[in-house]
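My numbering puts the first residue of the sequence shown at 6, with every later residue one more than the last. Virtual Cβ for every residue (Gly too), placed ideally from N, Cα, C. As the structure is a computational prediction, the values presented were derived from the model and not from experiment.
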Amino acid sequence: MADHPSSYRQVLLNNRRQFEHLIEQGDYKPFYLWHLLVFTALPLTGLLISRRSGSRYVRPVISALILGTAVDVIRHRRALLGGNGYMGGLVTAWWAIWSATILVFNDAERDFKRIERSSSDPSHPIKAQGAENGNPTRCGDEGSNGCVAKAKQDASRLGSETLIWQPYPHALRHRLNWALGLLFNMRGPEWSWRISTLDPLPASLQAQQTTKNGRSARQAKEKRDGTVSWPGPRARLHMAFVTFVKHYLFLDLLKVLMMYDPYFWGIDPPASILPSPVTHLPAAALITRFYRLLLSAFGVFAALSFVNALNPLVFLGLSLAFPNASRALTRAPLDAPWLYSPAFGPFRAPILDSGLAGCWSQWWHQLFRFGFTSTAHWLLALLPRPLAAQTTTRRVAMTLVAFSLSGLIHACGSYTQFAHTTPLTGPFLFFLLQAVGVLLQTGWVRLVARGRCSRRTGRAANAAFVFAWLLFSGGLIADDFARGGLWLTEPLPVSPLRGLGFGAEGDGWWCWRDRWFTRWEGGGYWERGVRVF
């Protein structure tokens, strides 16, 4: 890279040239599309093998193979696509955790059920339990194979329909659809393990759900305490579209602002963005620091909101536009609006009432929550039962495991970037400090609660602690994001602001100018295929 690049486009060009040179020299190996097929086929095979066929022994072996493949990819494979290579490491590390979650840490065949659509003829009522598997047990039994739930479906389409809790299917074709739905899921809105921060299910489905963790009881309590309503499918789709457009434009603005600041090009140390007379003021460095942290935080929030809005736009939108194709593709009720809860929770109340713990567990996105909690529960099960049963032990273990795993996957993303980053002292330390902050604040709140403290004072203290702690620790991950070239990526295909002339020299309406894939022949049998740039 040149010592003093004149623009972010020069940084991009230098990065690509150096990266291609290292690939050709063999210092790095390319990432191929067949890696995605391997990462999909391995856990899917484990899910398709039933307990009767020895899945108890096969699934841990498959999980170990996935872990080994993930380690090899993170250590040796590189691609610039996705935040200068960031997403390659993060997604690979997460996939290893998620595969272990559904193959080892949980028994999907025994414990997981999915809400599915079931057509029935009014003259031939569907069985309440195990309609497909032929187990006519009563609805509500603990070991049931699925319950019929009353649901308002479009009776004019495909006759009368009901929803059932479908366990692990016996028929291979149905099992494949069920397993794919589980594999490519994160928050579980239509699954029995759905995370607790999602909107509650309709009362008819809650009433039929039986879980060991008592989640249905919690949701039923929410229903009793207040009326829960959901927007209709088209209203939910409209909300998602507004969210998508709003964050698309916001992301475009942030990208333009970032590309005027060398800090976001990965330049270390970056030049000041303030005019020369102002740089000598005592508060200049603090103002610049706060501005860059704020822009980084807004960038992450806008990008996640933008991407998550695609879920209802694609699946809900297509299911409404092509209902017959949707029903032919999957038995999941993709047109149900309660499947599409917002990615982020309410901002104000969780932070004021619960502090840093509320910020991370209620407001921030919970995409990785089930994988993290499943890992923590599995590790707790290895401890002596009296120790694992203690509330303090469980709270500390759940907090440390969740933030350590979050730090791990973000550190892997930092490690695979084509830049000089600090994975351990950057993102990993940042998330570890969040665990420390949560435990410190929780302990302090319990101590103060013994005395007299008004609710207003407590909420103000919570907000102040969250702001101070994130300001204190945020530079660890923000600096690593910038140093690694995360913000050099082009998240949007079309930029209204750059098209109107507000971007850097050479920018225009169309942003996706570079190739994403190419055919590559690396010599060996495993070094050929479609390569990800």
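8 Å Cβ shell around residue i - same chain, five flanking residues per side excluded
i           : result
serine 358  : Looking at the sequence itself, residue 358 is aspartate, so the reference to serine does not match. The answer, listed in chain order, is Arg464, Asn467.
serine 379  : Thr106, Phe110, Asn111
alanine 394 : none
proline 351 : Gln367, Trp368
Residue from the options whose Cα sits closest to the Cα of residue i
i             : options                        : result
glycine 448   : Ser459, Gln211, Leu361         : Leu361
alanine 354   : Tyr345, Pro236, Cys364         : Cys364
proline 275   : Ala487, Leu17, Phe44, His26    : Ala487
valine 16     : Ser60, Tyr62, Tyr33, Leu85     : Leu85
valine 535    : Gly88, Gln446, Pro35, Arg180   : Pro35
arginine 336  : Trp196, Arg297, Ala245         : Trp196
threonine 248 : Gly31, Gln213, Met263, Pro347  : Pro347
glutamine 211 : Ile120, Asn182, Leu298         : Ile120
arginine 178  : Pro317, Leu334, Leu387         : Leu334
leucine 309   : Pro496, Leu27, Leu384          : Pro496
valine 531    : Pro287, His40, Arg374          : The amino acid occupying residue 531 in the given sequence is tryptophan; valine does not appear at that position. Residue His40 is the option with its Cα nearest to tryptophan 531.
leucine 315   : Ala288, Ile278, Val250         : Val250
glycine 513   : Ser500, Trp525, Val76          : Ser500
glycine 442   : Arg64, Arg503, Phe470, Phe255  : Phe470
leucine 304   : Asn182, Met264, Ala288, Asp273 : Reading the sequence as shown, one finds glycine at residue 304 and not leucine. Ranking Asn182, Met264, Ala288, Asp273 by Cα distance to glycine 304 puts Met264 first.
lysine 118    : Asp77, Ile169, His81           : Ile169
aspartate 77  : Tyr33, Leu259, Ala289          : Tyr33
Buried or exposed (CB count within 10 angstroms, at least 16 for buried), residue i
i                 : result
leucine 523       : For clarity, residue 523 is threonine in the given sequence; the question names leucine instead. The residue in question, threonine 523, is exposed, as its Cβ has fewer than 16 Cβ neighbours within 10 Å.
arginine 199      : buried
proline 172       : buried
histidine 415     : buried
histidine 252     : buried
alanine 307       : buried
aspartate 519     : exposed
proline 194       : buried
tyrosine 268      : buried
asparagine 19     : exposed
asparagine 329    : exposed
aspartate 257     : buried
alanine 245       : buried
leucine 476       : exposed
tryptophan 521    : exposed
tryptophan 474    : buried
serine 459        : exposed
proline 317       : buried
serine 58         : exposed
phenylalanine 472 : exposed
Whole-Å CB distance - residue i paired with residue j, under 8 Å assumed
i                 : j             : result
arginine 241      : glutamine 371 : Their Cβ separation, rounded to whole angstroms, is 19 Å, which puts arginine 241 and glutamine 371 out of contact at 8 Å.
glycine 271       : glycine 490   : 4 Å
valine 261        : glycine 508   : 6 Å
phenylalanine 373 : tryptophan 99 : 7 Å
alanine 402       : leucine 413   : The pair is not a contact, with the Cβ atoms about 16 Å apart (cut-off 8 Å).
glutamine 446     : threonine 202 : Going by Cβ atoms, the distance from glutamine 446 to threonine 202 rounds to 20 Å, so no, they are not a contact pair.
alanine 440       : threonine 404 : 5 Å
valine 537        : leucine 38    : 7 Å
Residue i Cβ short of 6 Å to the ligand FMN heavy atom set
i           : result
alanine 308 : No copy of the ligand FMN occurs in the structure displayed, which carries no ligand at all.
Short CB-CB distance (under 7 Å) between residue i and chain C
i            : result
glutamine 15 : Looking for chain C here will not work: only one protein chain is present.
Beta-carbon contacts of residue i that lie in its chain and below 7 Å, excluding the five residues immediately before and after
i             : result
alanine 184   : Leu49, Leu52, Leu53
proline 389   : none
glycine 90    : Arg83, Ala84, Thr421, Gln422, Phe423
proline 238   : Leu321, Leu325, Asp340, Pro342
lysine 228    : Because lysine 228 sits at a pLDDT of 42, beneath the cut-off of 50, its placement in the model cannot be relied upon, and the following sentence gives the value as read from the coordinates. Excluding sequence neighbours, lysine 228 sits near Pro205, Ala208, Gln211.
isoleucine 79 : Gly94, Thr97, Ala98, Cys417, Tyr420, Thr421
valine 63     : Gly51, Ile54
Same chain only: Cβ atoms within 6 Å of residue i, ignoring 5 sequence neighbours per side
i                 : result
tryptophan 235    : Pro342, Trp343
serine 324        : Ser331, Leu339, Asp340
arginine 14       : Gly511
arginine 56       : Glu114
serine 411        : Phe436
tryptophan 515    : none
alanine 483       : Leu298, Ser301
threonine 494     : Gly88
serine 478        : Phe435, Leu438
phenylalanine 377 : Ala407, Leu410
serine 68         : Ser104, Ala105, Leu108, Val109
proline 428       : Ala416, Ser419, Tyr420
leucine 502       : Asp257, Val261
Meets three-Cβ-pair contact criterion under 8 Å: the segment 181-196 and the segment 46-65: Look at the beta carbons and you see the segment 181-196 touching the segment 46-65: at least three pairs across the two are nearer than 8 Å.
Meets three-Cβ-pair contact criterion under 8 Å: the segment 61-72 and the segment 93-112: yes
Cβ contact (3+ pairs, closer than 8 Å) linking the segment 420-428 and the segment 80-97: Yes: the two stretches touch, three or more of their Cβ pairs being nearer than 8 Å.
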